[in-house]
DNA sequence: AACGTGACACAGC
DNA sequence: AGCTGTGCCACGT
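Numbering (the numbering used here), first residue to last: 8 to 125.
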C-alpha cells in the first residue's frame, strides 16, 4: 500500500533512495536528508518515509540532529537500532551516537551535490 | 475533502 | 539550560 507504488510518494521514495546510500558505520540526520531533498523543515516527513521503509533501507543509520536514536521506537526491538549501529562500528551510548559529528554522513556531500561550491 | 498524525527542527519562555 | 509551542509537508483515516 504505502510503498513506492504511490505516485505522490516521490518524496517518500527519495528518502529511501538517499538513506539506502548511507555507508555502514555512518549516520545522518533527518534534517540533512530533508534539506538534501529540498525541504529542510520537513524532517518529519523523512521519519515518516522511513516508517514504511523496507529492510534494505538503513533506517537505523538515520538519527535526529542530536545524534539520538529517536526512531528506535518504530523498530521491532527498542534496542535493535542501537545494537545494529554498534555492530557497524558506530559507538552508541544511551541511545545516542558518540562523536556524532565524526560519524555524520551528509548526503549533500557524499552524493556530490555542490552546495558550497557557490 | 478535511482533520489528525508523525522516527524533527527551531524559536521562545 | 531544559521544556513548550509552532512550523513544516506528506500520508492515513
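Glycine residues also receive a C-beta, built at the ideal position from the N, C-alpha and C atoms.
Check, Outcome
"Supposed contact pair residue 43 and residue 115 - C-beta distance, whole angstroms, cut 8 Å", "5 Å"
"Inter-residue spacing [alpha-carbon to alpha-carbon] between residue 48 and residue 41", "7 Å"
"Euclidean distance between Cα positions of residue 69 and residue 113", "11 Å"
"Own chain partners of residue 77 with C-beta closer than 6 Å, once the 5 adjacent residues on each side are dropped", "71"
"Burial state of residue 66, where buried means 16 or more other Cβ atoms lie within 10 Å", "buried"
"Residue 114 - containing alpha helix (DSSP H), residue span", "114-117"
"Where residue 111 sits in the DSSP three-state scheme", "strand"
"Cβ distance (whole Å) where residue 60 is taken to contact residue 23 below 8 Å", "6 Å"
"Cutoff 6 Å; reference residue 31; Cβ partners in own chain excluding five residues on either side", "95"
"Beta-bridge pairing of residue 100 - partner residues as DSSP gives them", "103"
"Whole-Å CB distance - residue 107 paired with residue 54, under 8 Å assumed", "Not really, about 17 Å apart at Cβ, beyond 8 Å."
"Where residue 14 falls, given that 16 or more other Cβ within 10 Å makes a residue buried", "Low per-residue confidence applies at residue 14: pLDDT is 44, beneath 50, and the placement is therefore not dependable, though the value from the model is reported in the following sentence. Its Cβ having fewer than 16 others within 10 Å, residue 14 is exposed."
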